[in-house]
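Asks: With our numbering, the residue at position 293 of the sequence shown is 1132, and numbering never jumps.
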Amino acid sequence: MPLSERQTLTQYLIEQRRRFPGASGELNALLLDVAIACKGIARAVAQGELGADPASANADAGDVNVQGEVQKRLDVISNQMFLRQTEWSGNLAGMASEEMAQPYPIPARYPRGKYLLVFDPLDGSSNLDVNGAVGSIFSILRAPPEVVGAHRDLTEADFLQPGTCQVAAGYALYGPVTMLVLSVGSGVVGFTLDAHIGEFKLTHPNIAVPEDANEFAINTSNSRFWEPPVKRYIDECLAGRSEPRVKDFNMRWIASMVAEAHRILMRGGVFMYPRDTKDPSKPGRLRLLYEANPIGFIMEQAGGRASTGRQNVLGVAPSSLHQRIGLVFGSRNEVERIERYHQEPARKAPAPLFAERSLFRE
Ligand code: F6P
């Protein structure tokens, strides 16, 4: 299809809005501002080492975020881009991000709006050093009416809404091309940034995750910390054509969740960063509000599933802003199988590959 015939993000959003005559257009305006922030981040990421002088663009910013992770310069820049591009519009009552310990209230000089924006401005940023794919993840929630009406200040509790309450969610992937993938609750669509005109163009109008898969993604260096249902699942994948799966599996690990989510949306598969016993103070690696929930929303909207292993991740009632959680997502039949393994009573003998022939000996 000639490029000029493809819908722009703006056209797509306006057409979606026509289906809801009562809609004010604020959600669309917010999404367009988020898209501008993502274009800015895409540029900054693409500049790499050239982007900052005299220090390297990928250098550590020196601070440690609330996760205890060293912030890269681009983490900080990306966070600022989200804040500056969206705070002024009157569409938001507040924001929260991986890079900020506390929620960010909209400055008093701007009107308050009815939405909350939660984001991970640069996911997978350890890939920056190696010129690998990184991305931004965002989730949009409704703000409580008292906060919108300025009858009280924004609090952390305002963000503690289960993933089912998300109004929209999406991610930008900064790979060989920049893509924006989003859902406003009626399926999942993907846009590719046309760098010549600086517009996101609709290239993936109806993204659906295949129900079955033969590809899994997990950080196998954690295998000795996995819980038995996870060991069982991976062992069975490794057993391949032998019983019980009777098909061979392939493995991928990019260490950039956005990139893994995108691959799974394109061709199926399952991603796991499950709860494990590595650090008892951390019930998982990924963050519920700005990683697991938006990706979970996208997966469900694309016909896939996202789970803690024990329950649908979108049903989890958050207890804190930066809460971590075990996460499994992707092709529905695989995720449901992993959930079944968590429900079944613990099996006494370890799965055969783990006992003797495992690559991942306990
Ligand atoms: O934000 C967390 C993240 O960067 C994810 O994008 C990625 O899946 C994970 O961490 C990688 O973790 P690890 O370094 O343990 O493989």
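Think of the CB as a built atom: it goes at the ideal place given N, C-alpha and C, for glycine as much as any other residue.
In this text the structure is predicted, and so the values were computed from the model without any measurement.
In whole angstroms, what separates the C-alpha of P1049 from that of S1158?
Replies: 33 angstroms
Asks: Answer yes or no: do L1131 and L1166 have a C-beta to C-beta separation smaller than 8 angstroms?
Replies: Rather than Leu, the amino acid found at residue 1131 in this sequence is Ala. Yes, Cβ-Cβ distance for A1131 and L1166 is below 8 angstroms.
Asks: Could you give the C-beta distance for P1133 and A932, rounded to a whole number, given that I count them as a contact under 8 angstroms?
Replies: No, P1133 and A932 are not in contact; Cβ-Cβ is about 18 angstroms, not under 8 angstroms.
Asks: Which same chain residues end up closer than 7 angstroms to R856 when comparing Cβ atoms and leaving out the 5 residues on each side of it in sequence?
Replies: Excluding positions up to five away in sequence, the list reads A862, G864, N867.
Asks: Apart from the five residues on each side of it in sequence, which residues of its chain come closer than 7 angstroms, Cβ to Cβ, to P950?
Replies: G929
Asks: Which residues mark the beginning and the end of the beta strand (DSSP E) in which S1146 is found?
Replies: 1144–1146
Asks: Using the three-state DSSP reduction, which class does D899 fall into: helix, strand or coil?
Replies: strand
Asks: Nearest CA to the CA of K1086: which residue from G1029, E1066, E1054?
Replies: E1054
Asks: I want to check one thing, is the minimum distance from the CB of M939 to the heavy atoms of the ligand F6P below 7 angstroms?
Replies: no
Asks: Where DSSP assigns a beta bridge to P944, which residues make up the other side?
Replies: G933
Asks: Apart from the five residues just before and just after I976, which ones in its own chain have a Cβ nearer than 7 angstroms to its Cβ?
Replies: F958, D959, D962, Y1010, V1097, Y1129, E1130, P1133, I1134
Asks: Opposite W1065 in the DSSP bridges: which residues?
Replies: D1115
Asks: Contact between the segment 1064–1073 and the segment 1105–1119 is defined here as three or more beta-carbon pairs at a separation below 8 angstroms; is this criterion met?
Replies: Two segments are said to touch when three or more pairs of C-beta atoms, one from each, lie closer than 8 angstroms; by this definition the segment 1064–1073 touches the segment 1105–1119.
Asks: At a cut-off of 7 angstroms, is L967 close to the ligand F6P when judged by its beta-carbon and the heavy atoms of the ligand?
Replies: no
Asks: For the ligand F6P, is there a heavy atom less than 7 angstroms away from the beta-carbon of M1138?
Replies: no
Asks: Secondary structure at L1192, three-state DSSP: helix, strand or coil?
Replies: For L1192, the predicted model reports a pLDDT of 41, less than 50, meaning its position is unreliable and no value from the coordinates is stated.
Asks: Am I right that A1094 and N966 are in contact with their C-beta atoms under 8 angstroms? What's the rounded C-beta distance?
Replies: 7 angstroms
Asks: Across which residues does DSSP place I1164 in a beta bridge pair?
Replies: L1125
Asks: Kindly give me the distance between the Cβ atoms of V884 and Y1013, rounded to whole angstroms, as I take these residues to be in contact under 8 angstroms.
Replies: 5 angstroms
Asks: On the DSSP bridge list, what partners appear for H1220?
Replies: Any answer about residue 1220 is impossible in this case: the structure gives the chain only from 840 up to 1201.
Asks: Please state whether DSSP places N918 in a helix, a strand or coil.
Replies: helix
Asks: Just to confirm my understanding: we take V1027, look at its own chain, exclude 5 residues before and 5 after, and list those with CB closer than 6 angstroms. What are they?
Replies: I1046, I1137, Q1140, A1141
Asks: Threshold first: 3 residues or longer. Then list the beta strand (DSSP E) segments lying entirely within the segment 966–1016, N to C.
Replies: 973–981, 1007–1013
Asks: Alpha carbon to alpha carbon, what distance is there between G890 and E844?
Replies: 34 angstroms
Asks: Mind pulling the alpha helix (DSSP H) runs of 4 or more residues that sit fully within the segment 1081–1115?
Replies: Within the segment 1081–1115, the complete alpha helix (DSSP H) segments of 4 residues or longer fall at 1096–1106, listed in chain order.
Asks: Looking only at DSSP bridge pairs, what is D962 linked to?
Replies: G974
Asks: The ligand F6P and R1163: does any heavy atom of the ligand fall closer than 7 angstroms to the residue's C-beta?
Replies: no
Asks: Please report how far the alpha carbon of A1056 lies from the alpha carbon of F1110, in whole angstroms.
Replies: 5 angstroms
Asks: Given that a residue counts as buried once 16 or more other Cβ atoms are within 10 Å of its Cβ, and exposed if not, what is S1146?
Replies: Buried is the call here.
Asks: Tell whether a beta-carbon distance below 8 angstroms holds between Y954 and L980.
Replies: yes
Asks: Under the rule that 16 or more other beta-carbon atoms within 10 Å means buried, what is R1102, buried or exposed?
Replies: By the beta-carbon neighbour count (other beta carbons within 10 angstroms, threshold 16), R1102 is buried.
Asks: Check the C-beta distance from G1143 over to S1170 and give it rounded, since I have them as a contact under 8 angstroms.
Replies: 6 angstroms
Asks: Restricting to Cα atoms, I'd like to know which of I945, R1084, L1032, G1123 is closest to T994.
Replies: Among I945, R1084, L1032, G1123, the Cα nearest to that of T994 belongs to I945.
Asks: Anyone know if the C-beta pair for L1041 and V1016 falls short of 8 angstroms?
Replies: no
Asks: Within its chain, find whatever has a CB closer than 8 angstroms to the CB of A989; leave out the 5 residues flanking it on each side and keep chain order.
Replies: R951
Asks: Below 8 angstroms on the Cβ atoms is my contact criterion, and I expect G974 with D1051 to pass it. Report the Cβ-Cβ distance as a whole number of Å.
Replies: 26 angstroms between Cβ atoms; not a contact.
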